[in-house]
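A short worksheet on the structure shown next.
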Amino acid sequence: MDGIDGVFLLTAGLGTRLRPLTLVRPKPCIPVLGKSPLERWVEILRPLRPRRVVLNTHHLPKQLEAHWKEIAPEDWSWAFSEEPGQILDTGGGLRQALEKIPGDGPVLVINGDVLARPPLEALIARHTQVRPLCTAWVHPRREPRTVRYDDVGQIITFRDREQGMAVFTGVYVIERRVLQWIPGAGPHSIITALEAALLTGQSVLALPDASAGWCDMGALEMYWKLHTDPDLAREWGGRPAGPPGSLAIGRNCDISPRATLINALLWNNVRLQEGSSLQDVIVTDGVGVSGPHHQEILTLHGNHPLLV
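Printed below as a string of structure tokens:
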């Protein structure tokens, strides 16, 4: 990956808006149309051959680590940046992750729990040509549009909800000198750091690109819509093949031929007994199901209403 020293994948978040799903798996590992966000990022990054990949961990770290070890290419150099006590936020997390990325050049930062098809080659090329403090991919057709920039792409503010022009996607190339604006310990936001840098005259550039896909699946409603809206599902690869009435079926599922499925989404190792009836239901890992269920999320820790 010419022009940058490595990649930092932000994967430590709690995923509170996706509960109870994120009580079962960390958000970057949740299956979306048969693939987790992390699997999708591996596919996107693979052609670029990153020199080093670092992922930060906090919520359900053992699960995230196991999933990453399962999907990471054998020839990649990678490491985990552990945040056991508290989440260090986007800036504090970057500060710690940079210790595990050799070199003194810029790094590519990616919000690892969103769905996206970013223009990475254009983003890296734009940054290496000018070498500002940061070059961020922004999406002019997604919400919330809070980033405002001038005619040459210089970002003016990240927080203009009235005249904002694009959403900050969480994908950007950044120089290590940003550490000047990140405190040496504790949580800190990268946006706060960039705002402080802007006040000193630093250049922070936007790369607007509305042709690239981006979806924040942070809320349960959007997660469900990704599977039930045909156009949205098609945009992100389509529903994987499965039994009639299924939205997606995970690995090692045992489904009775006498089970009834209507808009049923099954994760891994699910068992549907004879006479099971599922309509608008998400069944998470390892759950055995019997009887009728309607508009529910089924987990090993209990059942929850599917309010979408």
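Numbering follows our numbering, with no gaps: position 181 of the sequence shown is 1367. Where is the CB? At the ideal position from N, CA and C, for every residue including glycine. These numbers come from a predicted model, not from an experiment.
Counting C-beta atoms within 10 angstroms of its own C-beta, D1395 has 16 or more neighbours from the protein chains shown and is therefore classed as buried. In the assembly as shown, T1332 is a buried residue. Its beta-carbon has 16 or more other beta-carbons within 10 Å.
Under DSSP, S1462 takes part in no beta bridge, so it has no partner. DSSP places G1278 inside the alpha helix (DSSP H), whose first and last residues are 1275-1283. The continuous beta strand (DSSP E) containing Q1481 extends over residues 1478-1485. DSSP, read as helix, strand or coil, puts T1446 in strand. In this structure, DSSP gives W1264 an extended state, which the three-state scheme calls strand. Linking L1492 to W1367 through their CA atoms gives a straight-line distance of about 42 Å. Minimum Cα-Cα distance from P1223 among the listed residues W1400, S1375, D1275 corresponds to W1400. For a cut-off of 8 Å, the C-beta gap from A1198 to G1279 is around 6 Å, short enough to register as a contact.
With fewer than 16 other beta carbons inside 10 angstroms of its own, D1261 counts as exposed. Close CB contacts of P1330 within its chain, under the 8 Å cut and outside five residues either way in sequence, are with R1347, G1350, V1353 (chain order).
The beta carbons of S1267 and A1283 sit closer together than 8 Å. The C-alpha of L1231 lies about 9 Å from the C-alpha of L1306.
In the three-state DSSP reduction, P1326 falls in the coil class, being neither helix nor strand.
Separation of the CB atoms of A1383 and A1322 is rounded to 13 Å, and the pair is thereby denied contact status at 8 Å. Rounded to the nearest whole angstrom, the CA to CA distance from Q1340 to L1452 is 45 Å. In terms of Cβ geometry, A1258 and V1228 form a close pair [threshold 8 Å].
In the three-state reduction of the DSSP assignment, W1422 falls in the coil class, being assigned neither a helical nor a strand state.
With contacts defined by Cβ atoms closer than 8 Å, L1207 and I1483 form a contacting pair. In the DSSP assignment, H1413 falls within the alpha helix (DSSP H) that extends over 1406-1414. In this structure, L1196 keeps its C-beta atom at 8 Å or more from the C-beta atom of V1359. Q1340 sits in a strand when the DSSP states are folded into three classes. Here A1419 has L1219, L1412, H1413, R1425 as same chain residues with Cβ atoms under 7 Å from its own Cβ, once five neighbours each way along the sequence are excluded. For the options R1238, L1246, V1475, D1275, the alpha carbon positioned closest to that of C1439 is the one of V1475. If you check the CB distance, L1433 and A1445 do not come in under 8 Å. Within the DSSP secondary-structure output, A1302 pairs in a beta bridge with W1400.
Between P1429 and L1406, the gap from beta carbon to beta carbon reaches 8 Å or more. Burial check for T1343: the Cβ neighbour count within 10 Å stays below 16, so the residue is exposed.
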